[in-house]
Amino acid sequence: MKRLAPSILSADFSRLGEHVAEIEKGGAHLVHVDVMDGHFVPNISFGATIMKSLAGKTSMPFDVHLMIETPDKYIPEFVTPQTEFITVHQEACTHLHRTVQLIKSLGVKAGVALNPATSLSTLDYILEDVDMVLIMSVNPGFGGQKFIPGALEKIRELAMIREELGLNFEIEVDGGACLDNAADLIEAGVDIMVAGSAVFGAPDIPKRAADFVEIFSRY
Ligand code: DX5
Ligand code: ZN
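Numbering that gives the first Met the number 0 applies: residue 0 is where the sequence shown begins, and numbers increase by one.
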């Protein structure tokens, strides 16, 4: 099943609970939680306290995207009964294998994200340990950026590698996803689609989430 993970980075933080209820009403599957430290990326967002304030307010699992340096220090804070994924950046991890094992040892699925300029080959020796690979289709740091077209081919290649190796990690795409490119992304191999501004910037948030889910249901 293809899943939609709206990014609350594009929500109105003063109405976060209502906004999360709206995406759930539209049939979204996961809450994408963008954590930025002002070091790994040139922006600061929020930490685990904000995410935890949503616990129990929605039944959707949390999909945590850590855009931070030294993630090992903070990973345990994001572990809750509702946390499905914790994703770290390949570029931010000196000992990626250790970090992936840490996440899994805490009972959470481990994801690894790649920036647009980072090669898939950097994951050659970790692919069989990961539950998800996140392909960034913008340079991380901000919502509302334009989709970088090269990401599409990267997703196709990753899906091919997955098949050749007989692995079953999920493929997530993050950045600039919208109703116009959703079908192409799913056809390329995406299992989980992050969408921030395309969902929370819509005049009718539940309807926009439902429109994405309708596209997914064709596959
Ligand atoms: C980018 C974040 C994304 C972003 C998605 O740094 O990781 O999750 O908020 O937002 P849109 O869909 O607006 O590009
Ligand atoms: Zn993200």
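Ideal placement from N, C-alpha and C gives every residue a C-beta, glycine not left out.
Fill in: Rounded C-alpha distance that separates H64 from D36
12 Å
Worksheet item: Is the beta carbon of Q144 within less than 7 Å of some heavy atom of the ligand DX5?
Response: yes
Discussion item. Can you give me the C-alpha to C-alpha distance between F254 and F146, rounded to a whole angstrom?
Written reply: As shown, the chain starts at 0 and ends at 218. That puts residue 254 outside it, with no answer to give.
Fill in: Heavy atoms of the ligand ZN versus C-beta positions, residues under 6 Å
S6, H31, D33, H64, D173, V193
Worksheet entry | DSSP-derived helix/strand/coil call for A209 | helix
Discussion item. Less than 8 Å between the beta carbons of E235 and A91, yes or no?
Written reply: Coverage of the chain is limited to positions 0 through 218, which leaves residue 235 absent and any answer about it impossible.
Discussion item. Let me confirm a value: H94 is counted as buried when at least 16 other C-beta atoms fall within 10 Å, else exposed. Which label applies?
Written reply: exposed
Worksheet item: Given that a residue counts as buried once 16 or more other Cβ atoms are within 10 Å of its Cβ, and exposed if not, what is P80?
Response: exposed
Worksheet item: Going by the CB atoms, is the gap between I154 and L29 shorter than 8 Å?
Response: no
Worksheet item: In the structure shown, what three-state DSSP assignment does A182 receive?
Response: helix
Worksheet item: Looking only at C-alpha atoms, which of A187, Y218, K206, S216 sits nearest to A20?
Response: K206
Discussion item. What does DSSP give as the partner residue(s) for D33 in the beta ladder?
Written reply: H64
Worksheet item: What is the DSSP secondary structure of I22, counted as helix, strand or coil?
Response: helix
Discussion item. Spatial neighbours of A208 within its chain, please: C-beta separation below 7 Å, excluding the five flanking residues on both sides.
Written reply: L3, P5, I22, G25, G26, A27, V198
Discussion item. Quick check: does the Cβ of A176 come within less than 7 Å of any heavy atom belonging to the ligand DX5?
Written reply: yes
Practice prompt. Would you kindly work out how many angstroms separate the C-alpha atoms of A54 and S13, rounded to a whole number?
Written response: 16 Å
Discussion item. Taking the alpha-carbon of G195 as reference, which of A47, Q144, F61 has the nearest alpha-carbon?
Written reply: Q144
Worksheet item: Under 7 Å from any heavy atom of the ligand DX5, does the C-beta of A201 make it?
Response: no
Fill in: Whole-Å CB distance - V99 paired with V132, under 8 Å assumed
Not quite, the Cβ-Cβ distance comes to about 11 Å (not below 8 Å), so this is no contact.
Worksheet item: Secondary structure at I7, three-state DSSP: helix, strand or coil?
Response: helix
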